[in-house]
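Number of protein chains: 2
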Amino acid sequence: MIDISNITSAQNKYIKQITSLKSKKERDKTKLFVAEGERLVYEIPKDYNIKYFVLSNNYLNLMNKDRFEKNFPDKKVFLISEELFFKISDTVTPQGILAVCEQKDFNKNDIIKKKNPFFILLEKINDPGNLGTLIRTADAAGVDAVFLSSGCVDLYNNKVIRATMGSIFHLPIISNIDFNILIDNLKNNNIDIYGAHLKGTKYHYEIKLENGCGILIGNEANGLSNEISKKATTLIKIPMLGKAESINASIAGSILIYEAVRQRILSKRI
Amino acid sequence: MIDISNITSAQNKYIKQITSLKSKKERDKTKLFVAEGERLVYEIPKDYNIKYFVLSNNYLNLMNKDRFEKNFPDKKVFLISEELFFKISDTVTPQGILAVCEQKDFNKNDIIKKKNPFFILLEKINDPGNLGTLIRTADAAGVDAVFLSSGCVDLYNNKVIRATMGSIFHLPIISNIDFNILIDNLKNNNIDIYGAHLKGTKYHYEIKLENGCGILIGNEANGLSNEISKKATTLIKIPMLGKAESINASIAGSILIYEAVRQRILSKRI
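Chains G and L are the protein sequences, given in the same order. Using this note's numbering, you'd call the opening residue of the first sequence number 1 and step up by one each time. Using this note's numbering, you'd call the opening residue of the second sequence number 271 and step up by one each time.
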């Protein structure tokens, strides 16, 4: 049996909480976030703390209740009208299901000590679509962790979450990192850091990416900051053979990630 | 001297034409399209037929007139108010410059006969951002031509044009192609066609992409159609090492494009 309570008022404290979680400030304060949509909700792993679900009446009528109970036993569910769901939803055509979850903390020190790790470091990525897409590619590539500098768009922004297509739940992603400290730390652990830079001295395929390494990608408009560029082991570039001045940040990052995958598979590291 | 006429009425035929060009039907009928924004306008090559420019009063006051005259001698310019520009613009904060251009035709047969060519074939790509981004990557990679199947989002959709960041002007892009005929044609010219497919039999880096080849990418939700998959020389896949089920279509395409670039540079084909 699903434990369901009805909510009818937009002034209800849970409804107000969901609306308040559209703001990063409130997400930071409460350490909560909203995952909306059926596909995304079913990607939430068992080790995530789901506070409660909100379903619309229509969704409840049409849903696979067995699947829900099996995946989310003993969870609190609030039932609301389609109109109210539309009001709190972040999408134009809401499916009628969302979960309020606790943000997961990862132990940075354990992650850094992994053997032969493969990390992605994102400095001040601004566009939610780019951040989400990079996380999705990192997941597909079996990356060990993604580090986000301070100044990146918020990981729990609903557009970021949507663009990850569920990958936000699949690998450790650690926000608000001081890259000066992190990169020193990684280099002390023999992890080389390769920064994507238009003034890179080597092409990406000329670099040995099969050992423990981190790939460092900068802001869409400005690239990597000078300060952080200087800390990279080597700055690498992607051949630009046509008339385009640059390529999209999530594309550049993904090309580098998959060059590392190619090398790591061929060297039998993975 | 720039040849400037004032337009004050929203009923003027040029103003009405610009508004009508937001519709694909009208673009198809007139073979015209709108390029908006300073950066994009200055990417328009000399061999494009620009019908006329529209500038706002503010833009005219602040613009570099010498640069404009040097790049676009003897062009017709219409001057309108900020309010009217805002009405016809496709952006939230218009810069105050747009050009109405003729769509360029390319000779498919000449293109196919290039020596050792590198082509991209896009089947039913739906999302304007994905199409624009793939064109930008293809440009960066020095691709010889991009072929779009019928059912792709319109090349001259303003979101596509914007996402290309000017690359729409840098390489031949040919729309509305019957891929059944094109692929036969390419294979008869010894150009192998590699289709990205979740059920691919080889990884992308196991394929020899240094000779004349075409990379074939399918729709975001459904991938390549069965009909077209069967026509590919080989179906290739990208290693999926984590928990993501798939990667974004423009990311997948770009990874394949740059694997070909790597091989072609190393084999000294380019």
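Glycine included, every Cβ here is placed at the ideal spot set by N, Cα and C. Nothing here was measured: the structure is a model prediction, and the numbers come from that model.
In the structure shown, what three-state DSSP assignment does residue 72(G) receive? coil
Give me whichever residues DSSP pairs with residue 5(G) in a beta bridge. 78(G)
Please list, in chain order, the residues of the stretch 426-444 of chain L that have any C-beta partner in chain G closer than 9 Å. 433, 434, 435, 436, 437, 439, 440, 441
Check the Cβ-Cβ distances between residue 537(L) and every residue of chain G, and say whether any is below 8 Å. no
Kindly give me the distance between the Cβ atoms of residue 252(G) and residue 196(G), rounded to whole angstroms, as I take these residues to be in contact under 8 Å. 5 Å
Do we get a CB-CB distance below 8 Å when we pair residue 140(G) with the residues of chain L? yes
What residue range is occupied by the uninterrupted beta strand (DSSP E) comprising residue 484(L)? 483-487
Leaving out five residues on either side along the sequence, give the residues of the same chain with a beta carbon under 6 Å from the beta carbon of residue 406(L). 434, 435, 437
Does DSSP classify residue 426(L) as helix, strand or coil? coil
Between residue 209(G) and chain L, is the shortest Cβ-Cβ distance under 8 Å, so that the two count as touching? no
Got a sec, what are the start and stop residues for the alpha helix (DSSP H) residue 62(G) sits in? 57-62
Taking 8 Å as the threshold (beta carbon to beta carbon), is residue 398(L) in contact with chain G? no
Take every Cβ of the stretch 369-378 of chain L, pair it with every Cβ of the stretch 205-223 of chain G, and state whether three or more of those distances are shorter than 8 Å. no
Got a sec: is the Cβ-Cβ distance from residue 333(L) to anything in chain G below 8 Å? no
Count the C-beta pairs between the stretch 273-291 of chain L and the stretch 222-242 of chain G that are closer than 8 Å, then say yes if the count reaches three, no if not. no
Have a look at 124(G), 265(G), 63(G) and flag the residue whose alpha-carbon is nearest the alpha-carbon of residue 227(G). 124(G)
Taking a Cβ distance cut-off of 7 Å, strictly less, list which residues of the stretch 67-98 of chain G are near chain L, in chain order. none
Let me check understanding here. Comparing Cα to Cα, which of 45(G), 89(G), 77(G) lies closest to residue 1(G)? 77(G)
Secondary structure of residue 47(G), DSSP reduced to three states: coil
According to DSSP, is residue 32(G) part of a helix, a strand, or is it coil? strand
Listing by chain order, which chain B residues have their CB less than 7 Å from the CB of residue 464(L)? Any reference to chain B falls outside this structure, whose protein chains are G and L.
Contact list for residue 49(G) against chain L, beta-carbon separation under 9 Å: Within 9 Å Cβ-Cβ: nothing; residue 49(G) doesn't reach chain L, min ~19 Å.
So with CB distances below 7 Å, who are the chain L contacts of residue 205(G)? 532
Residue 350(L) to residue 356(L) span [Cα, whole Å]: 10 Å
Quick one: is residue 514(L) near chain G, going by C-beta distance under 8 Å? yes
Is it true that the CB of residue 42(G) sits closer than 8 Å to the CB of residue 75(G)? no
Quick check: residue 153(G) and residue 134(G), are their CB atoms within less than 8 Å of each other? no
Whether residue 441(L) touches residue 37(G) by CB criterion (8 Å): no
So which residues on chain L does residue 247(G) lean against when the C-beta distance must stay under 7 Å? 406, 407, 410
If you draw a straight line from the C-alpha of residue 111(G) to the C-alpha of residue 146(G), how long is it? 10 Å
Hey, does residue 117(G) have any beta-carbon neighbour from chain L nearer than 8 Å? no
Coarse secondary structure for residue 475(L), derived from DSSP in three states: helix
Can a CB atom of chain L be found closer than 8 Å to the CB of residue 120(G)? no
List the DSSP bridge partners of residue 149(G). 177(G)
Grouping DSSP H, G and I as helix and E and B as strand, with all else coil, what is residue 195(G)? strand
Mapping DSSP to helix, strand and coil, what is residue 410(L)? helix
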